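Those protein sequence lines, which keep their order, are chains A and B.
If you read the first sequence in the working numbering, its first letter stands for residue 1, the second for the next number, and so on.
If you read the second sequence in the working numbering, its first letter stands for residue 115, the second for the next number, and so on.
What follows is one structure encoded as structure tokens, with my remarks underneath.
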Amino acid sequence: GENVEQHPSTLSVQEGDSAVIKCTYSDSASNYFPWYKQELGKRPQLIIDIRSNVGEKKDQRIAVTLNKTAKHFSLHITETQPEDSAVYFCAASIVKAAGNKLTFGGGTRVLVKP
Amino acid sequence: NAGVTQTPKFQVLKTGQSMTLQCAQDMNHNSMYWYRQDPGMGLRLIYYSASEGTTDKGEVPNGYNVSRLNKREFSLRLESAAPSQTSVYFCASSFGTGPGRGEQYFGPGTRLTVT
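Given below as structure tokens:
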């Protein structure tokens with residue numbers, strides 16, 4: 001089955017700096033790569049996603065890049081703010097008629113220092 | 115529009131007891147999922163239902179059963195709870211397939227402790 005590894009496990013940045021989280025996946029058939037943000041005690045919330053036919057996607061201060069050849073994808077947060085402090089999870093799946101089974105990475109705890 | 119709802123929010127069980135976690139969605143989604151999240155870890159898929167009338171195992175199905183009661187509701191049952199099942203359980207739903215339809219939306223979670 002799919003295996004997703006995520007690095008780093010913790011990331012501390014100064015407010016205004018950029019943060020980068022990297023994930024690798026094992027199944028070359030995976031075609032959907034979402035990123036979730038989870039605040040303490042809350043549910044995971046989708047912040048951005050990318051499909052395998054796209055190399056990069058951007059939404060305001062957040063961007064995701066995908067390298068299918070190397071089987072890795074990254075989340076980039078620019079101009080970080082204290083409210084960006086949370087745990088971020090990457091995931092990978094093969095979206096098909098029989099559901100969308102996400103395999104999650106282990107998470108990255110991001111701390112933005114004011 | 116409540117999205118994905120789960121009951122109960124918290125539960126404490128003794129080893130060997132049984133219970134059912136309830137999940138409902140009002141977004142007309144086809145697919146529903148149950149995940150568990152252990153402290154400091156990512157989410158792992160327990161079972162999923164691609165569409166009404168179908169269920170299938172995920173990564174960690176042992177010790178659990180599910181029922182897709184109708185399009186809206188998907189329950190998770192622990193027949194004989196064990197301390198290893200102490201976790202936070204999240205239900206999620208999605209439309210299923212097609213552009214823009216793979217996104218999963220999560221419920222608020224059920225925090226379960228087995229003593």
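We put the CB at the ideal spot given by N, CA and C, even for glycine.
Note that this is a predicted model, so its numbers are computed, not measured.
With a 10 Å radius around its C-beta and 16 neighbouring C-beta atoms as the bar for buried, classify residue i as buried or exposed.
| i | result |
| --- | --- |
| phenylalanine 220 of chain B | buried |
| asparagine 100 of chain A | buried |
| phenylalanine 178 of chain A | As shown, chain A starts at 1 and ends at 114. That puts residue 178 of chain A outside it, with no answer to give. |
| leucine 40 of chain A | exposed |
| phenylalanine 124 of chain B | exposed |
| aspartate 140 of chain B | exposed |
| threonine 134 of chain B | exposed |
What is the C-beta distance between residue i and residue j, in whole angstroms, given that I count them as a contact (C-beta under 8 Å)?
| i | j | result |
| --- | --- | --- |
| tyrosine 36 of chain A | alanine 92 of chain A | About 12 Å; that fails the 8 Å criterion. |
| glutamine 14 of chain A | lysine 96 of chain A | With 8 Å as the limit, glutamine 14 of chain A and lysine 96 of chain A do not qualify as a contact, their Cβ atoms being about 42 Å apart. |
| arginine 158 of chain B | threonine 169 of chain B | Wrong, their Cβ atoms sit about 17 Å apart, outside the cutoff. |
| serine 105 of chain A | glycine 156 of chain B | This sequence places glycine at residue 105 of chain A; serine is not what is there. That pair is a contact at about 6 Å. |
Cα separation between residue i and residue j?
| i | j | result |
| --- | --- | --- |
| proline 197 of chain B | glutamine 38 of chain A | 25 Å |
| serine 165 of chain B | aspartate 27 of chain A | 24 Å |
| leucine 192 of chain B | isoleucine 160 of chain B | 12 Å |
| lysine 68 of chain A | glycine 172 of chain B | 25 Å |
| glutamate 117 of chain A | threonine 108 of chain A | With chain A covering only 1 through 114, there is no way to say anything about residue 117 of chain A. |
| glutamine 120 of chain B | arginine 150 of chain B | 13 Å |
| cysteine 23 of chain A | proline 222 of chain B | 26 Å |
| glutamine 81 of chain A | tyrosine 147 of chain B | 32 Å |
| valine 180 of chain B | glutamate 187 of chain B | 11 Å |
| aspartate 59 of chain A | isoleucine 48 of chain A | 8 Å |
| phenylalanine 73 of chain A | arginine 225 of chain B | 31 Å |
In this structure, does DSSP put residue i in helix, strand or coil?
| i | result |
| --- | --- |
| aspartate 84 of chain A | helix |
| serine 198 of chain B | helix |
| isoleucine 94 of chain A | coil |
| leucine 40 of chain A | coil |
| asparagine 179 of chain B | strand |
| glycine 117 of chain B | coil |
| glutamine 45 of chain A | strand |
| valine 112 of chain A | strand |
Runs of beta strand (DSSP E) wholly within the stretch 7-33 of chain A (minimum 3 residues, chain order): 10-14 and 19-25
Unbroken stretches of the beta strand (DSSP E), 3 residues or longer, contained in the stretch 119-165 of chain B: Entirely contained in the stretch 119-165 of chain B, the beta strand (DSSP E) runs reaching 3 residues are, in chain order, 124-127, 133-139, 145-151 and 157-163.
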